[in-house]
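S.K.:
Chains as they are written, first to last, in our numbering: chain S, 49 to 543; chain A, 239 to 411.
#1: Output needed for residue 428 (chain S): all residues of its chain with C-beta closer than 8 Å, excluding positions within five of it in sequence on either side, in chain order.
#2: Evaluate the contact criterion for the region 502-519 of chain S versus the region 423-438 of chain S: three or more CB pairs, one atom per stretch, below 8 Å.
#3: Leaving out five residues on either side along the sequence, give the residues of the same chain with a beta carbon under 7 Å from the beta carbon of residue 206 (chain S).
#4: Between which residues of its own chain and residue 218 (chain S) is the CB-CB distance below 6 Å, once the five residues before and five after are set aside?
#5: I need the straight-line Cα distance from residue 484 (chain S) to residue 339 (chain A), nearest angstrom please.
#6: Does the Cβ-Cβ distance between residue 74 (chain S) and residue 119 (chain S) come in under 8 Å?
#7: For a cutoff of 8 Å on Cβ pairs, would you count residue 508 (chain S) as touching chain A?
#8: 8 Å is my cut-off, CB to CB: does residue 353 (chain A) come that close to chain S?
#9: Whole angstroms is fine: what's the gap from residue 408 (chain A)'s alpha carbon to residue 336 (chain A)'s?
#10: By the criterion of Cβ-Cβ separation under 7 Å, what are the contact partners of residue 307 (chain A) in chain S?
#11: Would you mind working out which of S:139, S:133, S:87 and S:76 sits nearest residue 110 (chain S), comparing C-alpha positions?
#12: Here's a check: name, in chain order, each residue in its chain whose Cβ is nearer than 8 Å to the Cβ of residue 380 (chain S), leaving out the five neighbours to either side.
#13: Residue 377 (chain S) lies in the beta strand (DSSP E); which residues open and close that run?
#14: Would you say residue 98 (chain S) reaches chain A, if we count a Cβ-Cβ gap shorter than 8 Å as a contact?
#15: Buried or exposed for residue 270 (chain A), going by 16 or more other Cβ atoms inside 10 Å?
#16: Run through chain S and tell me which residues come within less than 8 Å of residue 350 (chain A), C-beta to C-beta.
#17: Mind listing which residues of the region 321-347 of chain A have their C-beta closer than 7 Å to chain S's C-betas, in chain order?
#18: In this structure, how does DSSP classify residue 214 (chain S) when only helix, strand and coil are distinguished?
#19: Would you tell me roughly how many angstroms separate the C-alpha atoms of residue 264 (chain A) and residue 490 (chain S), rounded to the nearest one?
#20: Counting contacts by CB-CB distance shorter than 8 Å, is residue 588 (chain S) in contact with chain A?
#21: So which residues on chain S does residue 386 (chain A) lean against when the C-beta distance must stay under 9 Å?
#22: With 8 Å as the C-beta to C-beta threshold (strictly closer), list the residues of the region 455-471 of chain S near chain A in chain order.
#23: Would you call the CB atoms of residue 123 (chain S) and residue 183 (chain S) closer than 8 Å?
#24: For residue 403 (chain S), which of helix, strand or coil comes out of DSSP?
#25: Count the other C-beta atoms from every protein chain shown that fall within 10 angstroms of the C-beta of residue 96 (chain S), then say buried if there are 16 or more, exposed otherwise.
#26: Consult DSSP for residue 301 (chain S) and reduce its assignment to one of helix, strand or coil.
#27: Residues of chain S with CB closer than 7 Å to the CB of residue 409 (chain A), please, in chain order.
#28: Buried or exposed for residue 530 (chain S), going by 16 or more other Cβ atoms inside 10 Å?
#29: Mind pulling the chain S residues with CB within less than 8 Å of residue 247 (chain A)?
#30: Going along chain S in order, which residues have a C-beta closer than 9 Å to the C-beta of residue 304 (chain A)?
#31: Quick one: Cα of residue 384 (chain A) to Cα of residue 186 (chain S), how far?
#32: What in chain S is Cβ-close to residue 253 (chain A), meaning under 9 Å?
#33: Hey, residue 309 (chain A) and residue 286 (chain A) are a contact pair by Cβ (cut 8 Å); roughly how many whole angstroms apart?
#34: Less than 7 Å between C-beta atoms, sequence neighbours within five positions excluded: which residues of the same chain meet that for residue 160 (chain S)?
#35: Under 8 Å between C-beta atoms, does residue 149 (chain S) make it to chain A?
See below:
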């Protein structure tokens, strides 16, 4: 396997055939499972075993043919500094990416791939074709060779561009953060259970709806029973349900945390970070420093008790798979956070600079939006019930508290090179970026803001945007002009 | 705010964006906007009448009046916003960046430095074609939010702006 020639068109590993087959089965199942359920339930169709057998065989044969054709028509190679990928049999597709446009090369392994001992290689670009550049099954040496080639050419490019006497190259991988099972437990407990609960609820409703379509009559019976049960139940039962719900949420969070962050490692090698994690789906992501547009970190009430932060490296995205390109490191302790911050932004000069808070008027707008508006909208439906007025009063108070928390956490710090924006309500989030990474700036002002000479600013970078709401109009204009000036004189590449 | 300059050393004579010096869009673009409003009104009344025809039971006149007055309010609002908002719309080309502003009630000003532009596009819709207008769209790496689009430019100006911007982009590559 030593003479791996990447300049010749090559196919994936032959084992890839099996992987593609499994994947197409999975796709087919995902598309048709609802149909299958309906067919199974309508018994009269099931009687004819022959038809079912034949159609299953036909589908299987089709999938095999598809896999083989897909495999045979899938080529990739490197030519004249460009990575070329050809695929498709009915509709042929040729994807060409200049190697210096490649942002990062990631390898991943899911369960099947681990069993087959192959790796998937994903190539990220700043363009929109990002998601398509994926090779599903490569032998490990081959993947490494390709990985090295694609990333090496990159580093050569960079070092020839920026030779500034930085001769000490530390090629050793340095471990920054490793999560132990206890850390995972802490992370799992400190997740946002409210959100997890909502996901479970939404998921449950979806299943319920699908089941309901099939068992329409029975469902009605059950739901009637449920309503009866609920109306007879007392507070104790409701509390029990709430606790039960919480337990499920926490369990689910723990499970998800374990799946995603099992054996999590954050390593540093030269000017890149390497992230490895996952129980079943192993991911292995490389984040070069210069690709990072924004550093986000967050802590919440429970997280603060454990002293941990959730940290996210935000890289340049192409819009579609924005979520996929977030690289996060949960369970960072303060020292890890400080280390990474100094690593990316240098010595923390923002520490002593003044905090600029959003104007108090921001509170009023938030309160109207979260407190008064929902209440007023609900009034026509419930105005006859006396309980509603108590609830409404409580709602207004609670939302006022919530909005106050938001206002107290909304501030920013700026110096000549960097900006840090703080936000949050229950949890506390910070975002920090280098000013030259700005792509464009936006100044917004409603007529209500104008009356009070306030304005909001949005700073867009290649990974998203940051907003500074409700600050003094004059200051907003000054920052606007300064940010543009700072970006326009910058000679540094934003990635 | 006087405190602001303590944390950040602002260079003297920092160029400010003068919102009054912005170039206005072509007057014909206002006609296009009006045509869109007319299409919108036709669509609304069409939907409303079909609803009335298809709806079997008789609707109380009080509710009818409410619905019609809401529709009329929406239409009046969009006409007023279009007329008085039009002079607010404008663009500004400076030495190193491109800006666009709009909005009467929700004012918005966005600026893209030339050294962050990825590529430039000239587009022409069906209505714009009749009035010989084009729009220039500037793409950055920041995704939809940071892209900038200037509508209602005469075809020639749009083309000139595009080639000017393209030249600026290649300067920075």
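Every residue, glycine too, gets a C-beta built ideally from N, C-alpha and C.
M.R.: According to the structure data:
#1: none
#2: no
#3: Only weak support is given to the placement of residue 206 (chain S): the predicted model assigns it a pLDDT of 43, under 50, and the value that follows is read from those uncertain coordinates. No residues qualify anywhere along the chain.
#4: With a pLDDT of only 47 at residue 218 (chain S), under 50, the local geometry of the prediction cannot be trusted, and no value is derived from it.
#5: 23 Å
#6: no
#7: yes
#8: yes
#9: 16 Å
#10: The premise fails here: residue 307 (chain A) is roughly 18 Å from chain S at the closest Cβ pair, so nothing lies under 7 Å.
#11: S:76
#12: 225, 345, 356, 357, 358, 359 and 388
#13: 375-381
#14: no
#15: buried
#16: 487 and 488
#17: 334, 335, 343, 344, 345, 346 and 347
#18: Residue placement at residue 214 (chain S) is poorly supported in this model, since its pLDDT is 40, which falls under 50; the coordinates still yield a value, given next. Note: residue 214 (chain S) maps to coil in three-state DSSP.
#19: 23 Å
#20: No answer is possible for residue 588 (chain S): it lies beyond the span of chain S, which begins at 49 and ends at 543.
#21: 488
#22: 461, 462, 463 and 464
#23: no
#24: coil
#25: exposed
#26: helix
#27: None at all; the shortest Cβ gap to chain S is about 12 Å.
#28: buried
#29: 464
#30: Result: empty, since nearest Cβ-Cβ is about 13 Å, beyond 9 Å.
#31: 38 Å
#32: 529, 532 and 533
#33: 7 Å
#34: 67 and 70
#35: no
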